[in-house]
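Start counting the sequence shown at 159; every next residue gets the next number (my numbering). Positions of the beta carbon are idealized from the N, C-alpha and C atoms, including for glycine. Beneath this line is the structure, given in structure tokens, with notes to follow.
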Amino acid sequence: MVPVVAVLEAAAVVLLIVTFTTDVAVWPAAIVLAIAALVVLVFRRIVVTVDRSDLVVRYASPVSFRHRIARRDIETAEVVDVRPVKWGGWGYRGSRLLFGRAALVIRGGPGLRVVTKKGKAFTVTVDEPEGAVAALGF
159 MVPVVAVLEA
169 AAVVLLIVTF
179 TTDVAVWPAA
189 IVLAIAALVV
199 LVFRRIVVTV
209 DRSDLVVRYA
219 SPVSFRHRIA
229 RRDIETAEVV
239 DVRPVKWGGW
249 GYRGSRLLFG
259 RAALVIRGGP
269 GLRVVTKKGK
279 AFTVTVDEPE
289 GAVAALGF
């Protein structure tokens, strides 16, 4: 399977070559594809870490987004089946602050759902969420 990033980058290069070798100006499309490749590259993978004090969710990229929940604030943790359609698509969805629930959805499938003692829920798609639930002590 060819990675999405490689396909987007290749398409952007082809469009740039067409722009510079013909009279057809397709450079705006090349820029859009290059930006799309960058977005996919940045947000394609996340890392979930459980340490002594926190549950930390971060992008595995140069972007410094981190979502931190103190272990002492977690009421429950469970394995859930995450469906992008339920959350309105892929990416960061919702707001724990405004709506009391949020999700970081990068694919459908198994995920980790934690609920804080204040009733705010956070869901994230991860491989082997059972390990995170066990590490959190639930």
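So, at 7 Å on beta carbons, what are the nonlocal neighbours of residue 324 in its own chain, with the 5 sequence-adjacent residues on each side left out? There is no way to answer for residue 324, as the model of the chain reaches only from 159 to 296.
- Local Cβ density within 10 Å of residue 159, reported as buried at 16 or more and exposed below that: In the sequence shown, counting from the first residue as 1, residue 159 sits at position 1. With a pLDDT of only 41 at residue 159, under 50, the local geometry of the prediction cannot be trusted, and the value read off the model is given with reservation. Exposed: under 16 other Cβ atoms inside 10 Å.
- Item | Start and end residues, beta strand (DSSP E) containing residue 270 | Locating residue 270 in the sequence shown gives position 112, counting from the first residue. Annotation for residue 270: the continuous beta strand (DSSP E) segment containing it runs 267-274.
- For the candidate residues 295, 267, 244, whose alpha-carbon lies nearest to that of residue 285? In the sequence shown, counting from the first residue as 1, residue 285 sits at position 127. When each option's Cα is compared against that of residue 285, the closest is 267.
> Relative to the ligand SAM, is the shortest distance from any of its heavy atoms to the C-beta of residue 243 smaller than 7 Å?
Replying inline: The model on display carries no ligand, and the ligand SAM is accordingly not part of it.
**Asked** What are the boundary residues of the beta strand (DSSP E) that includes residue 294?
**Response** The count along the sequence shown starts at 1 and reaches residue 294 at position 136. Careful: residue 294 lies outside any beta strand (DSSP E), inside the alpha helix (DSSP H) at 287-294.
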